[in-house]
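Numbering (the working numbering), first residue to last: 1017 to 1148.
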């Protein structure tokens, strides 16, 4: 029988009353001693865990106060500083799409009109901006 089966069986009031009614006094007394012993061990374990959690939280608060006192933010320490903005690349190529003149820097995916032109036999140099 699994622990969950035992818990669900004894959690139901009717089955617990039936078990207590059918069990003899010595058996119940022995179970009581074992349960109390296990309960004290669990309580000590729980108290130790809570103490460690509280100590850890206090240390975290102390560190946060020290970080703030030194003028740092958590984002700076974690490297989550906003990326530097680099200047926009100068356009290198010019093309016309739907009657609108557009520019391409030559980096990234090739625009469809330029790619279609290259596929049909044009040279990429034909799209270069004059003076570059």
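The C-beta atom is built at its ideal place from N, Cα and C for all residues, glycine as well.
(request) Would you mind giving the Cβ-Cβ distance between residue 1142 and residue 1129, rounded to the nearest angstrom? I have them listed as a contact below 8 Å. (result) Here residue 1142 refers to the residue found at position 126 of the chain shown. Here residue 1129 refers to the residue found at position 113 of the chain shown. Contact doesn't hold; Cβ gap of about 12 Å is too wide.
(message) Taking the alpha-carbon of residue 1093 as reference, which of 1044, 1146, 1080 and 1047 has the nearest alpha-carbon?
(response) Counting from one through the chain shown, the residue named residue 1093 turns up at place 77. Checked all of 1044, 1146, 1080 and 1047; the closest Cα to residue 1093 is 1080.
(message) The beta strand (DSSP E) that contains residue 1110, what's its start and end?
(response) The count along the chain shown starts at 1 and reaches residue 1110 at position 94. Residues 1109-1113.
(request) Can you have a look at residue 1025 and say buried or exposed, based on whether 16 or more other CB atoms are within 10 angstroms of its CB? (result) Numbered from its first residue, the chain shown carries residue 1025 at position 9. Residue 1025 comes out exposed.
(message) I need the straight-line Cα distance from residue 1095 to residue 1078, nearest angstrom please.
(response) In the chain shown, the residue the question calls residue 1095 occupies position 79. In the chain shown, the residue the question calls residue 1078 occupies position 62. Rounded to whole angstroms, residue 1095 to residue 1078 spans 21 Å at the Cα level.
(message) Does residue 1102 pass the burial test, meaning 16 or more other C-beta atoms within 10 Å, or should it be called exposed?
(response) Numbered from 1 along the chain shown, position 86 holds the residue referred to as residue 1102. With fewer than 16 other Cβ atoms within 10 Å, it is exposed.
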